[in-house]
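This report refers to the structure that appears directly beneath it.
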């Protein structure tokens, strides 16, 4: 299901989330991690729902299985890149920030202002206002920047 390098990355993520080092991800662990990511207002009900997605306490095996199930339906990188290419007729590998933001905030499953802020923090446009969509696609499918790989 996963390559050894991916398992190691998930192990590192698990270790970061499991802040009290009891080998189980608890509701409190999730609250702390979400808070460090700027999600300060996560309700107890939302946290309970996250924990209940697992069939048993979330140890590393359950964590890995859950990721496998979530990623099983994810599109391959080339499909996601092809979707962005439709918005890039000159094949530059970039999309204007304003154009992408307009699409993401007005179409289908609309992004909130907070989600847009998080997107631009993770993928800042260059000085000309261009967004590298190939890097976004890589991170979506691999979980890390190409530069970090």
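In the UniProt record's numbering, the protein residues as written are 1 to 149.
Ideal Cβ positions, reconstructed from N, Cα and C, are used throughout, including at glycine.
{"Item": "So, do the segment 81-95 and the segment 34-49 have three or more beta carbon pairs nearer to each other than 8 Å?", "Value": "no"}
{"Item": "I'd like to know whether the C-beta atoms of residue 54 and residue 37 end up nearer to each other than 8 Å.", "Value": "no"}
{"Item": "Which residues mark the beginning and the end of the beta strand (DSSP E) in which residue 95 is found?", "Value": "94-96"}
{"Item": "Please report the residue range of the alpha helix (DSSP H) in which residue 118 lies.", "Value": "113-122"}
{"Item": "Would you please state the rounded distance, in angstroms, between the beta carbons of residue 47 and residue 21? I believe it to be under 8 Å.", "Value": "With a Cβ gap of about 20 Å, residue 47 and residue 21 do not count as contacting."}
{"Item": "Between the alpha carbons of residue 109 and residue 103, how many angstroms are there, rounded?", "Value": "10 Å"}
{"Item": "By DSSP, does residue 58 sit in helix, in strand, or in coil?", "Value": "strand"}
{"Item": "By alpha-carbon positions, which one of 8, 132, 79 and 6 ends up nearest to residue 119?", "Value": "132"}
{"Item": "Could you spell out where the alpha helix (DSSP H) holding residue 29 opens and where it closes?", "Value": "27-36"}
{"Item": "With a threshold of 7 Å on Cβ separation, who are the neighbours of residue 52 within its own chain once the five nearest residues in sequence on each side are excluded?", "Value": "none"}
{"Item": "Go ahead and pull the three-state DSSP assignment for residue 158.", "Value": "Here the chain comprises residues numbered 1 to 149, so residue 158 is not present and cannot be evaluated."}
{"Item": "Just the C-alpha distance for residue 138 and residue 78, rounded to the nearest angstrom, thanks.", "Value": "9 Å"}
{"Item": "Any idea if residue 75 is buried or exposed, counting beta-carbon neighbours within 10 angstroms, 16 or more meaning buried?", "Value": "exposed"}
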